[in-house]
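Top line first, the protein sequences correspond to chains G and S. For the first sequence, the positions run 1 to 112 when the working numbering is used. For the second sequence, the positions run 1 to 113 when the working numbering is used. The structure appears below as structure tokens.
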Amino acid sequence: NAGVTQTPKFRILKIGQSMTLQCTQDMNHNYMYWYRQDPGMGLKLIYYSVGAGITDKGEVPNGYNVSRSTTEDFPLRLELAAPSQTSVYFCASNLHRGYEQYFGPGTRLTVT
Amino acid sequence: DAKTTQPPSMDCAEGRAANLPCNHSTISGNEYVYWYRQIHSQGPQYIIHGLKNNETNEMASLIITEDRKSSTLILPHATLRDTAVYYCIVRVAHEAAGNKLTFGGGTRVLVKP
């Protein structure tokens, strides 16, 4: 198993541009999550999904959108990039409630 | 989820045990204690979790006090590769809304040769 994979690893955006961060897991996990981590801080939950077709907001959803059309994929969309969205983005997944979460390697995004 | 308090940093000698404390005085009866760590620039990695009994796995041991208001993660023989930020998280394991993790500041552990 590749586990949780994220693309791209790095990206620089100009203010107002849009992009999609990709996340794929091959473990047949029901639950998937997007977190962001600002420098020197802990992770904050952006959005999560408990299964295909079901998504919900986390702690910091403003400026982001998600979709979950398949069990494997959980893309994160930034529509109008702002400097405040400069961060490292982590995708995670787990099988059932209460199970450990597996994290991807992260996407480092800079908005200038 | 209950709030946790951890020291911001600690050093440990290579080969010695590292004892990482965590206070969670407002923990509820159905909340578990989880530990994750984050090695520089990588995604967090699950270490261990427990409810009230002490737990051990191949990575670490978790000691939870009888009143459950605090816990200690023990890395029995720290290596340089254990240098990381360690997060103590308290949450309900089987909540209907999924398994959202709330990360605080964590403890930055530096293992020295």
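Where is the CB? At the ideal position from N, CA and C, for every residue including glycine. Keep in mind it's a predicted model, so treat the numbers as computed, not measured.
Separation of residue j from residue i, as counted between CA atoms
i, j, result
"Ser41 of chain S", "Phe90 of chain G", "11 Å"
"Cys12 of chain S", "Leu62 of chain S", "18 Å"
"Leu13 of chain G", "Asn30 of chain S", "43 Å"
"His49 of chain S", "Val92 of chain S", "12 Å"
"Ile15 of chain G", "Asp38 of chain G", "18 Å"
"Thr5 of chain G", "Asp26 of chain G", "9 Å"
"Met41 of chain G", "Gly105 of chain S", "6 Å"
"Val88 of chain G", "Thr70 of chain G", "24 Å"
"Leu21 of chain G", "Asn1 of chain G", "21 Å"
"Leu20 of chain S", "Gln17 of chain G", "43 Å"
"Val85 of chain S", "Pro8 of chain S", "9 Å"
"Asn65 of chain G", "Trp34 of chain G", "10 Å"
"Met10 of chain S", "Gly43 of chain S", "21 Å"
"Ser70 of chain S", "Asn57 of chain S", "19 Å"
"Met19 of chain G", "Phe10 of chain G", "12 Å"
"Leu109 of chain G", "Asp67 of chain S", "43 Å"
Minimum Cβ-Cβ distance from residue i to chain G less than 7 Å
i, result
"Lys100 of chain S", "yes"
"Ile44 of chain S", "Before going on, a small fix: residue 44 of chain S reads as Pro here, not Ile. With 7 Å as the cut-off, Pro44 of chain S counts as an interface residue toward chain G."
"Gly29 of chain S", "no"
"Gly50 of chain S", "no"
Own chain, CB closer than 6 Å to residue i, minus 5 neighbours either side, in chain order
i, result
"Pro76 of chain S", "Ala17"
"Asn54 of chain S", "Ile63"
"Met59 of chain S", "Ile47"
Any non-hydrogen atom of the ligand GTP closer than 6 Å to residue i Cβ
i, result
"Val111 of chain G", "This structure lacks the ligand GTP; in fact it carries no ligand of any kind."
Neighbour flag for residue i against chain S, beta carbons, 7 Å
i, result
"Pro83 of chain G", "no"
"Phe10 of chain G", "no"
"Phe90 of chain G", "yes"
Run of the beta strand (DSSP E) containing residue i, from where it starts to where it stops
i, result
"Asp67 of chain S", "It is not in any beta strand (DSSP E) - Asp67 of chain S carries neither H nor E in the DSSP assignment."
"Leu101 of chain S", "Note, Leu101 of chain S: premise wrong, no beta strand (DSSP E); not H, not E."
"Asp82 of chain S", "Premise fails: Asp82 of chain S is in no beta strand (DSSP E) and is neither H nor E."
"Lys57 of chain G", "Ile54 to Lys57"
"Lys44 of chain G", "Leu43 to Gly51"
"Met59 of chain S", "Looking at the DSSP string, Met59 of chain S is not in any beta strand (DSSP E), and its letter there is neither H nor E."
"Gln37 of chain G", "Tyr31 to Gln37"
Other residues of its chain near residue i: CB distance less than 7 Å, five sequence neighbours each side excluded
i, result
"Gly63 of chain G", "Leu78, Ala82 and Gln85"
"Asn94 of chain G", "His29, Tyr31, Glu100, Gln101 and Tyr102"
"Val111 of chain G", "Leu13, Ile15, Ala81, Ala82, Pro83, Gln85 and Thr86"
Cβ-based neighbour list, residue i, same chain, cut-off 8 Å, excluding 5 preceding and 5 following
i, result
"Val60 of chain G", "Arg36, Lys44, Leu45 and Ile46"
"Leu114 of chain S", "Residue 114 of chain S lies beyond the range of chain S shown here (1 to 113); nothing can be said about it."
* Going along the segment 35–63 of chain G in order, which residues come within less than 9 Å of chain S, judged by CB to CB distance? -> Tyr35, Gln37, Gly40, Met41, Gly42, Leu43, Lys44, Leu45, Tyr48, Ser49, Val50, Asp56, Gly58 and Glu59
* To do: Using a Cβ-Cβ cut-off of less than 9 Å, give me the residues of the segment 92–111 of chain G that come near chain S, in sequence order.
  => Ala92, Asn94, His96, Arg97, Gly98, Tyr99, Glu100, Gln101, Tyr102, Phe103, Gly104, Pro105, Gly106 and Arg108
* Asked: Between the segment 3–16 of chain S and chain G, which residues of the former have a C-beta closer than 8 Å to a C-beta of the latter?
  -> none
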